[in-house]
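Per the working numbering: the sequence shown = residues 1 to 335.
No residue lacks a Cβ here, since even glycine has one placed at the ideal position from N, Cα and C.
Quick caveat: nothing in here was measured; it's all calculated off a predicted structure.
In what follows, a single structure is set out as structure tokens and then discussed.
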Amino acid sequence: MKFSTTRLAASLGLSLTLGLAAMTAQAAPTVIKFSHVVAESTPKGQGALKFKELAEAALPGQIEVQVFPNSQLFGDGKEMEALLLGDVQIIAPSLAKFDRYTKKLQVFDLPFMFDDVAALDRFQASPAGQELLDSMKSKGIQGLAYWHNGMKQMSTNKDQLVRPEDIKGLKFRIQSSDVLEAQFRQLGANPQKLAFSEVYQALQTGVVDGAENPWSNIYSQKLHEVQKTIAVTNHGALDYMVITNAGWWDGLPENVREALKKAMAGATEHANKLAAQINDRDQKRIAEAGKAKIQTLSKEDIAAWRTAMHPVWEKFQDGIGKDLIDAAQASNQPS
Numbered sequence: 001m002k003f004s005t006t007r008l009a010a011s012l013g014l015s016l017t018l019g020l021a022a023m024t025a026q027a028a029p030t031v032i033k034f035s036h037v038v039a040e041s042t043p044k045g046q047g048a049l050k051f052k053e054l055a056e057a058a059l060p061g062q063i064e065v066q067v068f069p070n071s072q073l074f075g076d077g078k079e080m081e082a083l084l085l086g087d088v089q090i091i092a093p094s095l096a097k098f099d100r101y102t103k104k105l106q107v108f109d110l111p112f113m114f115d116d117v118a119a120l121d122r123f124q125a126s127p128a129g130q131e132l133l134d135s136m137k138s139k140g141i142q143g144l145a146y147w148h149n150g151m152k153q154m155s156t157n158k159d160q161l162v163r164p165e166d167i168k169g170l171k172f173r174i175q176s177s178d179v180l181e182a183q184f185r186q187l188g189a190n191p192q193k194l195a196f197s198e199v200y201q202a203l204q205t206g207v208v209d210g211a212e213n214p215w216s217n218i219y220s221q222k223l224h225e226v227q228k229t230i231a232v233t234n235h236g237a238l239d240y241m242v243i244t245n246a247g248w249w250d251g252l253p254e255n256v257r258e259a260l261k262k263a264m265a266g267a268t269e270h271a272n273k274l275a276a277q278i279n280d281r282d283q284k285r286i287a288e289a290g291k292a293k294i295q296t297l298s299k300e301d302i303a304a305w306r307t308a309m310h311p312v313w314e315k316f317q318d319g320i321g322k323d324l325i326d327a328a329q330a331s332n333q334p335s
């Protein structure tokens, strides 16, 4: 009897130990690694931090969001692969990075497609824009949201940047995008694909002569310190799609997924509101720094840029789809 009692006590002790271990395992939060390539002070950087705040508040103890800015984990060339391998759970690449997965997203890179951020916002919120979030699911990529950064400006190490002919023969850094490559070749420039983390040094050393960026990227990376002229062209938008691994996302419990959707919606509203404020602020800061001349272009100058770049539309229309291009163009007219 004594032996049986001892064995019973041992059995109960083992069960209690295993039960506590199981409870501890269950209590361990799900870690979501959010990796991006820009500074925390940018709209994307602030959006990522807001998502962390809202997600962890909505799912206390269940979710831990770890944010890695400034290419700390993965740079431009590796972050997509890392997402598909499950090494990170969320990234926010620029819309220029997706043309190997779907040609439809090239609509965002067509020069002078959107008159301003408001037009871009209308298109992204439309049925056509929302459908694009699901357009890469068969490739393992689920879109969660669009985040704004701002309209792009041209910058160069030359004294003048007014008309398209002013950049003829110059080397321009571009993102890895067929549309952007075609855009600069159409202008007679020499496009160079470089990771964002390499841009400052490339401009500083003359590896490239110029680049295209929103004001927030120019200021946060101090690009205005290694460029002589910035022309206010607003010729395109630099926006992001926040994406996740489709298999990982679908495997989350429904209540967790719904809470994360709400957190992402709140982070998106926050990031997009900040984008306008930060770009306005950083344009003023760049002007006050006085290291790069800001050139305001006339209507005639802008018309010349539009005309010079428009043939790029025809080159990519078949891959994107005329219906999608028409829908994007329609967003320039407020409903």
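Nonlocal neighbours in the same chain, by C-beta distance under 6 angstroms from residue i, ignoring five residues either side
i, result
"lysine 293", "Thr229"
"alanine 82", "Phe74, Val88"
"serine 335", "none"
"phenylalanine 123", "Gly129, Ala328, Ser331"
Distance between beta carbons of residue j and residue i, contact taken as under 8 angstroms
i, j, result
"leucine 297", "valine 179", "The pair is not a contact, with the Cβ atoms about 22 angstroms apart (cut-off 8 angstroms)."
"valine 37", "leucine 324", "Not really, about 27 angstroms apart at Cβ, beyond 8 angstroms."
"alanine 237", "methionine 136", "With a Cβ gap of about 20 angstroms, alanine 237 and methionine 136 do not count as contacting."
"isoleucine 141", "alanine 246", "6 angstroms"
"alanine 57", "valine 65", "With a Cβ gap of about 11 angstroms, alanine 57 and valine 65 do not count as contacting."
"aspartate 109", "alanine 96", "5 angstroms"
Residue i - DSSP class collapsed to helix/strand/coil
i, result
"threonine 205", "helix"
"arginine 100", "coil"
"glycine 188", "coil"
"histidine 148", "strand"
"methionine 154", "strand"
"serine 94", "strand"
"arginine 163", "coil"
"alanine 21", "With a pLDDT of only 49 at alanine 21, under 50, the local geometry of the prediction cannot be trusted, and the value read off the model is given with reservation. Of the three classes helix, strand and coil, the one that applies to alanine 21 here is helix, per DSSP."
"alanine 304", "helix"
"phenylalanine 316", "helix"
"methionine 80", "helix"
"lysine 222", "coil"
Cutoff 7 angstroms; reference residue i; Cβ partners in own chain excluding five residues on either side
i, result
"histidine 224", "Ile218, Ile230, Ile286, Ala289, Lys291, Ala292"
"alanine 330", "none"
"lysine 104", "Leu132, Ser135, Ile320, Gly321, Leu324"
"tryptophan 248", "Gly86, Gln89"
Residue i burial status per 10 Å Cβ neighbour count (16 or more: buried)
i, result
"threonine 244", "buried"
"threonine 42", "buried"
"histidine 270", "buried"
"threonine 205", "exposed"
"glycine 143", "buried"
Top-ranked residue by Cα proximity to residue i, from the options
i, options, result
"proline 351", "Lys284, Ala265, Phe196, Met264", "A query on residue 351 cannot be resolved here, the shown segment of the chain reaching from 1 to 335 and no further."
"isoleucine 91", "Lys44, Pro127, Leu105", "Lys44"
"proline 127", "Glu300, Ala328, Pro334", "Ala328"
"aspartate 99", "Ser176, Tyr240, Leu252, Asp239", "Ser176"
"methionine 154", "Lys299, Gln221, Val232", "Val232"
"alanine 189", "Pro164, Asn213, Glu198, Gln201", "Pro164"
"asparagine 157", "Pro191, Phe184, Val226", "Val226"
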